[in-house]
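Residue numbering for the sequence shown is 6 to 290, as defined by this note's numbering. Written below as structure tokens is the structure these notes are about.
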Amino acid sequence: MKPLAEVAVIGAGTMGAGIAQVTAMAGYPVRLFDVEQGILDRAMVHIQQNLSKGIERGKVSPEQQRLSLQCLHTTTDLATAADNAYLVIEAIPEVLEAKQQLLRQLDTLCPTDTLLCSNTSSIRIADLATVTARPENILGTHFFNPVHIMPLLEIIITKQTDPDALQRIQQFARAIGKESIVIQDFPGFATSRLGVCLGLEAIRMLEQGVASAKDIDKAMALGYGHPMGPLKLTDLVGLDVRLQIADYLNNSLTGTNFQAPELLRQMVKQGKLGKKSGQGFYHWE
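Shown next as structure tokens:
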């Protein structure tokens with residue numbers, strides 16, 4: 006089984022930066038790509054801040070911080086990012102056509118045995134694999150935010166997935182300190198179907214005046230042991246992201262479980278996107 010060496014992460018937003026950070030902390034050389042240098046610069050600042058906080062809390066040593074940052078390189082050239090990478094993880098916005106276009110490009114740029122993985126939280130991997138000449142080496146690698154803290158990696162496989170490809174990505178998961186689960190390729194997989202369904206119902210309850218956002222969240226935190234309530238989690242994920250996923254699942258699955266509440270649509274239209282905009286179901290400073 007060929008070991009994973011150089012890793013490329015495509016997209017330097019919140020998730021891409023987090024994936025790049027944990028990969029570098031495990032000692033892998035990482036090339037982080039985005040179309041704008043400013044986005045990459047902000048990602049590196051965020052990664053440095055996370056590592057510094059880790060030092061303050063005794064979770065990271067100064068030497069670990071130094072070595073991790075040495076492993077990280079940024080580029081605005083996709084060919085440079087993909088060159089000789091054994092594993093590529095895309096973490097661009099949750100838009101099917103954009104992901105397909107990116108994978109077409111990567112398919113021509115990467116070595117034939119490179120694993121091309123998607124951090125998608127809902128899109129069927131088969132719909133991504135069909136645009137490449139290597140469907141056996143296309144997998145879903147769904148990380149959770151914040152990546153450097155959340156221990157789960159949801160691996161999604163299709164009927165065409167090569168068993169060796171699965172073993173390689175499971176090896177990678179162990180190397181970066183993640184517990185992995187293997188999920189068959191259905192829209193929303195396991196975590197998004199459950200999480201989005203709960204989040205949408207919480208928004209409907211708020212819309213109906215059942216309780217305040219704080220009390221709905223407290224019900225799940227104290228009554229069911231969730232580390233965070235569904236409305237606060239929606240704020241962290243982004244209301245726009247949650248709406249995109251809900252619409253995709255509503256169109257892909259039967260039933261009405263994933264019909265987005267009107268309140269969610271209104272808030273997104275008003276620019277109330279959660280933590281990233283400063284206002285969602287909660288006020289964020």
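Beta carbons: idealized from backbone N, C-alpha and C, even for Gly. What you are looking at is a predicted structure, and each value in this text was computed from that prediction instead of being measured.
Helix, strand or coil at residue i according to DSSP, with G and I counted as helix
i, result
"F263", "coil"
"L3", "In the structure as shown, the chain starts at 6 and stops at 290, and residue 3 therefore has no counterpart that could be examined."
"K7", "Below a pLDDT of 50, predicted positions are generally treated as unreliable, and K7, at 44, falls in that range; the measurement from the model is reported next regardless. Of the three classes helix, strand and coil, the one that applies to K7 here is coil, per DSSP."
"I60", "helix"
"A87", "helix"
"G243", "coil"
"A216", "coil"
"T113", "helix"
"L258", "coil"
"R270", "helix"
"E327", "Beyond the ends of the chain as shown, which are 6 and 290, falls residue 327; an answer cannot be given."
"G234", "coil"
"E102", "helix"
"D222", "helix"
Residues that residue i bridges to, as DSSP identifies them
i, result
"R129", "None; R129 has no bridge partner."
"G279", "Q284"
"A251", "Answer by DSSP bridge pairing: none, since A251 is not bridged."
"V305", "Not covered by the structure: residue 305. The range shown for the chain is 6 to 290."
"T80", "F38"
Check whether residue i and residue j have beta carbons under 8 Å apart
i, j, result
"T85", "R36", "yes"
"I97", "G16", "yes"
"L258", "F177", "no"
"L158", "S185", "yes"
"L108", "L120", "no"
"L114", "L77", "no"
"I161", "I181", "no"
"N55", "E95", "no"
"F286", "T239", "yes"
"Q284", "V152", "no"
"R270", "V201", "no"
"S127", "I250", "yes"
Reference residue i; option with closest CA among the options
i, options, result
"L236", "E102, S123, I221", "I221"
"M225", "V242, Q213, A207", "A207"
"G243", "L171, G260, S282", "S282"
"S179", "G234, P156, E99", "The displayed chain sequence assigns Arg, not Ser, to residue 179. When each option's Cα is compared against that of R179, the closest is P156."
"A134", "D39, Y253, D190", "D190"
"V136", "S126, K164, L101", "L101"
"L111", "S66, Y229, N89, S127", "N89"
"R209", "K223, A265, G182", "A265"
"E41", "G18, K58, G23, R62", "G18"
"P140", "K164, S127, H147, L254", "K164"
"K219", "T261, H288, S57", "H288"
"K280", "D39, D245, S126", "D245"
"A22", "Q69, F149, V215", "F149"
Min CB distance residue i to chain C below 8 Å
i, result
"I97", "You won't find chain C in this structure, because it holds only one protein chain."
Every unbroken alpha helix (DSSP H) within the segment 120-197, with a cutoff of 4 residues, ordered by chain:
Under the rule that a run must span 4 or more residues, the alpha helix (DSSP H) segments found entirely inside the segment 120-197 read 130-134, 168-180.
Could you name each continuous beta strand (DSSP E) segment of 3 residues or more that falls completely within the segment 15-71, going from the start of the chain to the end?
Runs of the beta strand (DSSP E) inside the segment 15-71: 35-38.
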